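S.K.:
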Amino acid sequence: MLFDTNQAKRRQGPRGSFDMLLVIALVGLACVGVVMVTSSSIAVADSQHIGPFYFLKKHLLYLSLGVLLGGFAMRTELKLLEKHAYLLLGGAVLLLLMVFVPGFGMRINGARRWLNFFITTFQPVEAVKLILVVYTASYLVRHRESVETSFWGLFKPIMVAGMFVVLLLLQPDFGSATLMIAVTIGMIWMGGAKPVFLGGMGLPVVALLWFVAKFEPYRMRRLTSFVDPWADPFNDGFQLTQSLMAIGRGEWMGVGLGSSVLKLSYLPEAHTDFIFAVISEEFGLAGILFVMTLFGVAVGRGLYLGVKGMEIGQRFAGFVACGISLMIGLQAMVSIGVNLGALPTKGLTLPLISFGGSSIVLTCAMAGVLLRATYEINRALDARQMATRMPANALADANAAATAAREAATA
Numbered sequence: 018m019l020f021d022t023n024q025a026k027r028r029q030g031p032r033g034s035f036d037m038l039l040v041i042a043l044v045g046l047a048c049v050g051v052v053m054v055t056s057s058s059i060a061v062a063d064s065q066h067i068g069p070f071y072f073l074k075k076h077l078l079y080l081s082l083g084v085l086l087g088g089f090a091m092r093t094e095l096k097l098l099e100k101h102a103y104l105l106l107g108g109a110v111l112l113l114l115m116v117f118v119p120g121f122g123m124r125i126n127g128a129r130r131w132l133n134f135f136i137t138t139f140q141p142v143e144a145v146k147l148i149l150v151v152y153t154a155s156y157l158v159r160h161r162e163s164v165e166t167s168f169w170g171l172f173k174p175i176m177v178a179g180m181f182v183v184l185l186l187l188q189p190d191f192g193s194a195t196l197m198i199a200v201t202i203g204m205i206w207m208g209g210a211k212p213v214f215l216g217g218m219g220l221p222v223v224a225l226l227w228f229v230a231k232f233e234p235y236r237m238r239r240l241t242s243f244v245d246p247w248a249d250p251f252n253d254g255f256q257l258t259q260s261l262m263a264i265g266r267g268e269w270m271g272v273g274l275g276s277s278v279l280k281l282s283y284l285p286e287a288h289t290d291f292i293f294a295v296i297s298e299e300f301g302l303a304g305i306l307f308v309m310t311l312f313g314v315a316v317g318r319g320l321y322l323g324v325k326g327m328e329i330g331q332r333f334a335g336f337v338a339c340g341i342s343l344m345i346g347l348q349a350m351v352s353i354g355v356n357l358g359a360l361p362t363k364g365l366t367l368p369l370i371s372f373g374g375s376s377i378v379l380t381c382a383m384a385g386v387l388l389r390a391t392y393e394i395n396r397a398l399d400a401r402q403m404a405t406r407m408p409a410n411a412l413a414d415a416n417a418a419a420t421a422a423r424e425a426a427t428a
């Protein structure tokens, strides 16, 4: 009976499948996040007299919403996103502009990055990250030849990313701005752009970012204090010195879950930006390697399947998979690098692990779109395998039907 059922499904056409290694890695990261948000936030919540599990409850709520949104994305055909890429782009610009509208935009710690929806707040940049990937993927599919052969073929996606960068710098959000331009350049390079053209377009943007950083003294202090945080351990170097002490205490196997000392009001943002330092203190080098392995598997599988999709003609799905993988991977690399003192301090969360409503919900949505891309790529691979097993006459009929369909579409 099982054999007959499979045969019936096979006769109905190719089947897609979600990449299980990718699923395991993403679920593993989310589980690590639940455990570490619980461990790192109890002291923070207790100091604010809001109950020890306040942040855990909110994190579980956000994660549940993210899983629902990610599940919806997994069941949505990517052609709908490709079709409405321009509409999504317009929505992204509107969201970034709304943070400057009195009554909607909220200023927290001197930055306008949040929208006030009265019952909750929302950080639009998290949605804009996904929209930028979708738009850039659709552009690379539609303008493949000009991207590969022309300098001006790169102008439009770089200018769109540059527009987002300007709006983010006005908030200000230097970390997200840098991340977006890096992902855009990475996707364009994977689309076949010549390095000399990328250099010609990318260098002015890098120069702009450097000028903006140098124009604001506090940004330059952040960019330089990580070189020697112990020179000013109670001011500009405070966050990094506390993080390095936490990591040093972890040694090989850590001090044990819940036993971190630095999270007890010493390490700022222990449950958000510096949650990796708490992981390092409580689980040591073993915990560091475990988390980095999960990210490596998730990003590696996403990039591998994305490239495979481009090779077999699923270019939009392939670019989306590569773009989301780059977005998650580069953000994780920056967050981990900041905690380890290898990069300047930036306000970027560790994807799927750090506490943060907008971050966790929209990262789950990105994960859902990534899994959908792998589903469609695997479906195309299955179709190709079916075609190679067709009898010669059936394969000829199928090719003839496909040719007739293309001619009718272009007529």
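Residue numbering for the sequence shown follows our numbering, beginning at 18 and increasing consecutively. No residue lacks a Cβ here, since even glycine has one placed at the ideal position from N, Cα and C. Here the structure is a predicted model, which means the values were calculated and not measured.
1. Which whole runs of the alpha helix (DSSP H) in the region 100-185 are 4 residues long or more, in chain order?
2. If you draw a straight line from the C-alpha of residue 143 to the C-alpha of residue 398, how long is it?
3. Less than 8 angstroms between the CB atoms is what I'm expecting for residue 293 and residue 353, so what's the real figure, rounded?
4. Please look up how many angstroms separate the CB atoms of residue 193 and residue 185, rounded, as I've assumed it's under 8 angstroms.
5. In whole angstroms, give me the CA-to-CA distance for residue 374 and residue 73.
6. Less than 8 angstroms between the CB atoms is what I'm expecting for residue 297 and residue 263, so what's the real figure, rounded?
7. Tell me the rounded alpha-carbon separation between residue 313 and residue 303.
8. Answer with buried or exposed for residue 58, where buried requires no fewer than 16 other C-beta atoms within 10 angstroms of its C-beta.
9. What distance in whole Å lies between the Cβ atoms of residue 285 and residue 256, which are believed to be in contact at a cut-off of 8 angstroms?
10. Quick one: residues in its chain with C-beta nearer than 6 angstroms to the C-beta of residue 319, no 5 flanking neighbours on either side, listed in chain order?
11. How about residue 196 and residue 351: do their beta carbons lie closer than 9 angstroms?
12. Between residue 104 and the rest of its own chain, which residues show a CB-CB distance below 8 angstroms, the 5 nearest in sequence each way excluded?
13. Report the rounded CA-to-CA distance for residue 121 versus residue 279, giving the unit in angstroms.
14. Using the Cα positions of residue 249 and residue 335, report the straight-line distance between them to the nearest angstrom.
15. My guess is that residue 163 and residue 333 are in contact by the Cβ rule of under 8 angstroms, so how many angstroms apart are they, rounded?
16. Starting from the N-terminal side, write out each stretch of the alpha helix (DSSP H) that is 4 residues or longer and does not extend beyond the region 63-94.
17. Determine whether the beta carbon atoms of residue 42 and residue 311 lie at a separation below 9 angstroms.
18. Under a Cβ-count criterion, where at least 16 other Cβ atoms within 10 Å of its own Cβ denotes burial, should residue 288 be classed as buried or exposed?
19. Apart from the five residues just before and just after residue 152, which ones in its own chain have a Cβ nearer than 7 angstroms to its Cβ?
20. Please report the straight-line C-alpha distance between residue 90 and residue 112, rounded to a whole angstrom.
21. Is the CB-CB distance between residue 130 and residue 119 below 9 angstroms?
22. In the DSSP assignment, the alpha helix (DSSP H) including residue 260 goes from what residue to what residue?
23. Express the C-alpha separation of residue 82 and residue 211 in angstroms, rounding to a whole number.
24. Quick check: is the beta carbon of residue 158 nearer than 9 angstroms to any beta carbon in chain B?
25. Which residue's Cα is closest to the Cα of residue 187: 146, 117, 282, 157?
26. Report the CB separation of residue 299 from residue 56 in whole angstroms; it is logged as a contact under 8 angstroms.
27. Which term fits residue 220, buried or exposed, when burial requires 16 or more other beta carbons within 10 angstroms of its beta carbon?
28. Report all residues from its chain with a CB closer than 7 angstroms to the CB of residue 53; omit the five preceding and five following residues, and keep chain order.
29. Please report how far the alpha carbon of residue 201 lies from the alpha carbon of residue 149, in whole angstroms.
M.R.: Considering the structure as presented:
1. 102-115, 142-159, 161-166
2. 32 angstroms
3. 6 angstroms
4. 5 angstroms
5. 11 angstroms
6. 6 angstroms
7. 15 angstroms
8. buried
9. 5 angstroms
10. 338, 342, 387
11. yes
12. none
13. 36 angstroms
14. 46 angstroms
15. So it is not a contact: roughly 17 angstroms between Cβ atoms.
16. 71-91
17. yes
18. buried
19. 102, 105, 106, 177
20. 20 angstroms
21. no
22. 255-267
23. 41 angstroms
24. Judged by its chain identifiers, the structure shown contains no chain B, having just a single protein chain.
25. 117
26. 7 angstroms
27. exposed
28. 292, 295, 296, 370
29. 8 angstroms
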